[in-house]
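Chemist: This structure is in structure tokens; I'll ask about it shortly.
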Amino acid sequence: MSAVAGFNISAKRMDLFFSITVVSFLLFLSLLTSTASAQTPEQRVNLDVTSVTLHPGSAWITRTGTLSFPAGRSLLVIEGLSISADLSQFEFLAADNSIEMLGLQMQPRSTTTPEEDELIAQSQEIQYRISTLNDEIETAESELDLLQSLASTESGLSPAVDGETLSNLVEVMSTRSNSARQRIRDARIELQELRQQENQISAELSKPLHRGVTYADLRIELVSETQTSSPVTLSYHNDNAFWRWMYDARLDTSAKQLDFTRKAEVSQSTGEDWDDVNLTLSTARFSNRSAAPHLSPQFVNLGQVRRQASSGIQEVVVTGSLVRSASGQVSESPPAVEIRNTNFQLQYQLAGQQSVPSTSGEPFTVIPIDNRELPVNLVSRAVPVHDLNAYLEARFELNGEEPFFNGVLYTYRDGAFIGRGSFAETLPGETTRISFGQDQRIQVRRFDEQQNSRDTGIFSRSNLQEERIRYEVTNRHSDTIMVELLDQVPVARHADINVSIPRGATDATEDNAGGLAGVLLWRMEIDPQETTTVKHYYDLSHPEGEAIHFSR
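Using numbering that gives the first Met the number 0, the first residue of the sequence shown is number 0, and each one after it goes up by one.
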């Protein structure tokens with residue numbers, strides 16, 4: 000038979016032969032791989048977290064250590080990394096340039112916290128005690144069954160048993176029966192308590208804090224030209240951390256002085272505690288978008304609307320470099336802080352080592368940043384159209400090149416806690432205003448003098464509304480006070496509507512105060528026990544028969 004004919008006849012056999020060959024080849028490769036892996040030296044280490052750069056919504060974490068490397072290929076296993084570590088943004092560096100990284104892999108593994116281990120041990124003890132009590136109840140119930148069986152045959156006792164023996168027997172049976180019932184009652188009470196404890200432990204174990212932490216081992220394949228020892232750093236990104244500003248503003252009204260303290264409120268739930276690390280606070284935010292959006296041409300046509308296909312422009316996002324923190328001195332309260340200021344971000348390098356535990360939500364770690372004494376101007380501000388109370392404000396100008404960012408604000412006036420609010424971002428050179436609650440010694444009263452609505456005009460009829468409000472502001476302080484009073488006039492959005500200020504009205508210090516159309520501000524210095532009057536008048540006219548409405 001020819002080779003060609005044989006091939007045609009044995010096609011199925013050839014397929015089988017080919018499959019066996021492929022499988023054998025794969026097994027051979029697997030054997031080579033396993034042999035190579037078995038021969039690759041493996042080093043398992045746990046690098047300590049030594050520095051952290053904390054951003055408003057994430058952290059850049061750096062671990063360091065000094066390791067020994069054999070010549071050739073080796074496998075470095077860094078243990079105990081948080082599973083939430085983002086290794087899409089990471090950096091592994093060896094001081095020895097002859098060490099080269101070939102590849103890496105994350106291997107998750109679960110573990111339990113010490114608190115969880117203790118709860119599990121308590122649960123096991125409770126389970127054992129419950130089992131023991133159930134056995135005791137079963138034994139006591141069997142004893143009762145036996146005693147009841149003997150009692151049922153008591154009438155059939157032999158006449159040879161005298162009365163004293165019978166009396167003793169009844170007494171023993173009664174005592175044993177009462178004892179068995181008492182043991183059952185006590186056991187059932189304890190069982191109920193144990194089941195309540197078991198439910199509490201189960202509820203506690205179900206909380207996120209006690210579900211254990213899933214860690215990961217980072218396996219890095221390396222190659223080194225020679226056997227060497229080298230310092231290494233591993234840095235990576237983690238989203239489960241943040242910091243924000245917290246401010247304490249303590250006002251001394253007599254000295255017109257403001258004690259202003261800045262703090263950083265830090266929290267992290269990365270699953271790894273930061274113990275004695277160099278901590279840097281950065282105002283830069285990580286973002287998936289680092290470039291401004293693109294705009295495509297917009298066309299308008301008459302006729303049928305057609306949807307155009309997108310132009311297929313691909314956006315390339317380039318992320319900026321990150322700055323690691325450096326060592327500092329021993330921390331004080333507030334600690335010395337090195338401020339690195341650029342046109343686009345600020346970094347606060349805290350002195351000494353800081354510790355921030357990994358928690359689930361609260362509590363936060365509060366770190367003092369700095370403190371400054373500021374001279375302020377005091378102003379009592381009232382908006383009587385909404386509230387007849389006046390509110391004390393302390394105002395100061397922010398000097399220097401460093402802005403103050405949004406944060407939580409706690410205010411104190413002459414030693415008394417006023418409340419918790421928010422602090423708005425303030426740029427250098429701007430005037431900062433902080434409110435310190437009601438000024439109860441400024442009295443504001445409102446009087447409606449006249450409100451008319453009548454028709455006017457000879458050739459064209461119009462409707463005129465006259466608003467006449469008088470405010471009286473009295474200073475009950477022992478010294479002169481600056482007071483600001485605000486109200487508003489309607490802003491016409493139609494040419495046929497006219498708003499005017501008549502004679503007799505008190506001229507406003509500022510029109511369109513704060514950049515808001517129609518808002519009027521009267522600023523006045525009022526001596527002790529004096530009263531200042533503000534006449535808030537305006538006229539509003541519109542065509543007769545036309546309805547008007549007010550809107551915000």
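Quick reminder that beta carbons are idealized off the backbone N, C-alpha and C, glycines included.
1) Should the region 236-246 be regarded as contacting the region 55-66, the criterion being three or more beta carbon pairs within less than 8 Å?
2) Can you name, in chain order, every residue of its own chain whose Cβ lies under 7 Å from the Cβ of P489, other than the five neighbours on each side?
3) Out of Y470, F395, L74 and G428, state which residue places its alpha-carbon closest to the alpha-carbon of R444.
4) With a 10 Å radius around its C-beta and 16 neighbouring C-beta atoms as the bar for buried, classify I188 as buried or exposed.
5) In the DSSP assignment, the beta strand (DSSP E) including S73 goes from what residue to what residue?
6) Is T174 helix, strand or coil when you go by DSSP?
7) Could you give the first and the last residue of the continuous beta strand (DSSP E) run that contains L294?
8) Would you decide whether R551 is buried or exposed? Buried here means 16 or more other CB atoms lie within 10 Å of its CB.
9) Buried or exposed for V533, going by 16 or more other Cβ atoms inside 10 Å?
10) Grab me the residues of E524's own chain with a C-beta within less than 7 Å of its C-beta, minus the 5 sequence neighbours each way, in chain order.
11) Does the separation of the CB atoms of Q353 and I366 fall below 8 Å?
12) Looking at C-beta atoms only, is the number of pairs between the region 500-512 and the region 429-443 that lie closer than 8 Å three or more?
13) Please report the distance separating the alpha-carbon of L397 from that of Y536.
14) Tell me whether E331 sits in a helix, a strand or coil according to DSSP, three-state version.
15) Give me, in chain order, the residues of the same chain whose beta-carbon lies closer than 7 Å to that of I500; leave out the 5 immediate sequence neighbours on both sides.
16) With DSSP run on the structure shown, which of helix, strand or coil describes D510?
17) Thinking E392 and Q256 are a contact (beta carbons under 8 Å), I'd like their distance in whole angstroms, please.
18) Please report how far the alpha carbon of S477 lies from the alpha carbon of Q528, in whole angstroms.
19) Do G71 and V222 come within 8 Å of each other at the CB atom, strictly closer than that value?
20) In chain order, what residues of the same chain lie with their CB nearer than 6 Å to the CB of R558, ignoring the 5 residues before and after it?
21) Reducing DSSP to helix, strand and coil, say where E543 ends up.
22) State the Cα-Cα distance for the pair Y411 and S268, rounded to the nearest angstrom.
23) Going by alpha carbons, who is nearest to L139 out of S176, P356 and I125?
24) Look at the Cβ atom of F91, then the Cβ atom of I219, and state whether they are nearer than 8 Å.
25) Roughly how many angstroms lie between the CA atoms of T531 and D506, to the nearest whole one?
26) Is the region 119-134 close to the region 196-204, with three or more CB pairs under 8 Å?
27) Sort out for me which residues DSSP pairs Y470 with in a bridge.
28) How long is the line joining the alpha carbons of L377 and E264, rounded to whole angstroms?
29) Going by the DSSP bridge assignment, what does F68 pair with across the sheet?
30) Could you check the C-alpha separation between G544 and L463 for me, to the nearest Å?
31) Evaluate Q195 with the Cβ neighbour count: other Cβ atoms within 10 Å of its Cβ, from every protein chain shown; 16 or more gives buried, anything less gives exposed.
32) Can you tell which of P542, D526 and I82 has the C-alpha that lies nearest to the C-alpha of D216?
33) Would H236 be called buried (16 or more neighbouring beta carbons within 10 Å of its own) or exposed?
34) Identify whether E140 lies in helix, strand or coil by the three-state DSSP scheme.
35) On the three-state DSSP scale, how would you describe L132?
36) Is it buried or exposed, R108, if we count other Cβ atoms within 10 angstroms and call 16 or more buried?
Modeler: Inspection of the coordinates gives the following:
1) yes
2) Locating residue 489 in the sequence shown gives position 490, where the first residue counts as 1. Here the set comprises V498, G517, L539 and F549.
3) Position 445 of the sequence shown holds residue 444. Here the closest residue by C-alpha is Y470.
4) Numbered from its first residue, the sequence shown carries residue 188 at position 189. The residue is exposed, with fewer than 16 neighbouring Cβ atoms inside 10 Å.
5) Working through the sequence shown from its first residue, we reach residue 73 at position 74. G71 to S81 is the span of the beta strand (DSSP E), which, as asked, contains S73.
6) Translated into the one-based positions of the sequence shown, residue 174 becomes position 175. Helix, per DSSP.
7) Along the sequence shown, one-based indexing puts residue 294 at 295. Careful: L294 lies outside any beta strand (DSSP E) and carries neither H nor E.
8) Looking up residue 551 in the sequence shown gives position 552. R551 comes out exposed.
9) As a working note, residue 533 is residue 534 in the sequence shown. Buried, since its Cβ has 16 or more Cβ neighbours within 10 Å.
10) Taking the first residue of the sequence shown as 1, we reach residue 524 at position 525. T479 and M481.
11) The residue labelled residue 353 in the question sits at position 354 within the sequence shown. The residue labelled residue 366 in the question sits at position 367 within the sequence shown. Yes, the Cβ-Cβ distance between Q353 and I366 is below 8 Å.
12) no
13) Taking the sequence shown and counting its residues from 1, the one referred to as residue 397 is at position 398. Taking the sequence shown and counting its residues from 1, the one referred to as residue 536 is at position 537. In a straight line, the C-alpha of L397 is about 37 Å away from that of Y536.
14) Residue mapping note: residue 331 aligns to position 332 of the sequence shown, counting from 1. With a pLDDT of 40 at E331, under the threshold of 50, the predicted position of this residue should be treated as unreliable, though the coordinate-derived value follows. Three-state result, E331: coil.
15) The sequence position of residue 500 within the sequence shown is 501, counting from 1. Cβ within range, chain order: Y536 and Y537.
16) In the sequence shown, residue 510 corresponds to position 511, counting from 1. Looking at D510 - three-state DSSP - the assignment turns out to be strand.
17) Residue 392 sits at position 393 when you count from the first residue of the sequence shown. Residue 256 sits at position 257 when you count from the first residue of the sequence shown. Not really, about 15 Å apart at Cβ, beyond 8 Å.
18) For the purposes of this step, residue 477 is taken as the residue at position 478 of the sequence shown. For the purposes of this step, residue 528 is taken as the residue at position 529 of the sequence shown. Approximately 8 Å, taken between the alpha carbons.
19) Indexing the sequence shown from 1 puts residue 222 at position 223. Indexing the sequence shown from 1 puts residue 71 at position 72. Closer than 8 Å, so yes.
20) Not covered by the structure: residue 558. The range shown for the chain is 0 to 551.
21) Residue numbering aside, residue 543 sits at position 544 when the sequence shown is read from its first letter. Three-state result, E543: coil.
22) The residue given as residue 411 occupies position 412 in the sequence shown. The residue given as residue 268 occupies position 269 in the sequence shown. Cα-Cα distance, rounded: 32 Å.
23) To locate residue 139, count along the sequence shown from 1; it is residue 140. Looking at the sequence provided, one finds Ala at residue 139 rather than Leu. Ranking S176, P356 and I125 by Cα distance to A139 puts S176 first.
24) Position 92 of the sequence shown, counted from the first residue, corresponds to residue 91. Position 220 of the sequence shown, counted from the first residue, corresponds to residue 219. Yes, the pair counts as a contact, with Cβ atoms nearer than the cut-off.
25) For the purposes of this step, residue 531 is taken as the residue at position 532 of the sequence shown. For the purposes of this step, residue 506 is taken as the residue at position 507 of the sequence shown. Their Cα atoms are separated by approximately 13 Å.
26) yes
27) As a first step, residue 470 must be located in the sequence shown, where it is residue number 471. Paired residue(s): R445 and V533.
28) Translated into positions along the sequence shown, residue 377 becomes position 378. Translated into positions along the sequence shown, residue 264 becomes position 265. Using only the alpha carbons, I get a separation of about 29 Å.
29) As a working mapping, residue 68 is identified with position 69 in the sequence shown. Bridge partners of F68: T227.
30) Numbered from 1 along the sequence shown, position 545 holds the residue referred to as residue 544. Numbered from 1 along the sequence shown, position 464 holds the residue referred to as residue 463. In a straight line, the C-alpha of G544 is about 12 Å away from that of L463.
31) For the purposes of this step, residue 195 is taken as residue 196 along the sequence shown, with counting starting at 1. Its Cβ having fewer than 16 others within 10 Å, Q195 is exposed.
32) Residue mapping note: residue 216 aligns to position 217 of the sequence shown, counting from 1. It is I82.
33) Residue numbering aside, residue 236 sits at position 237 when the sequence shown is read from its first letter. Looking at its Cβ environment, which holds 16 or more other Cβ atoms inside 10 Å, H236 is buried.
34) Sequence index remark: in the sequence shown, residue 140 carries index 141 (1-based). Reduced to three states, the DSSP call for E140 is helix.
35) Within the sequence shown, residue 132 is the residue found at index 133, counting from 1. If DSSP states are grouped into helix, strand and coil, L132 belongs with the helices.
36) Along the sequence shown, one-based indexing puts residue 108 at 109. Exposed is the call here.
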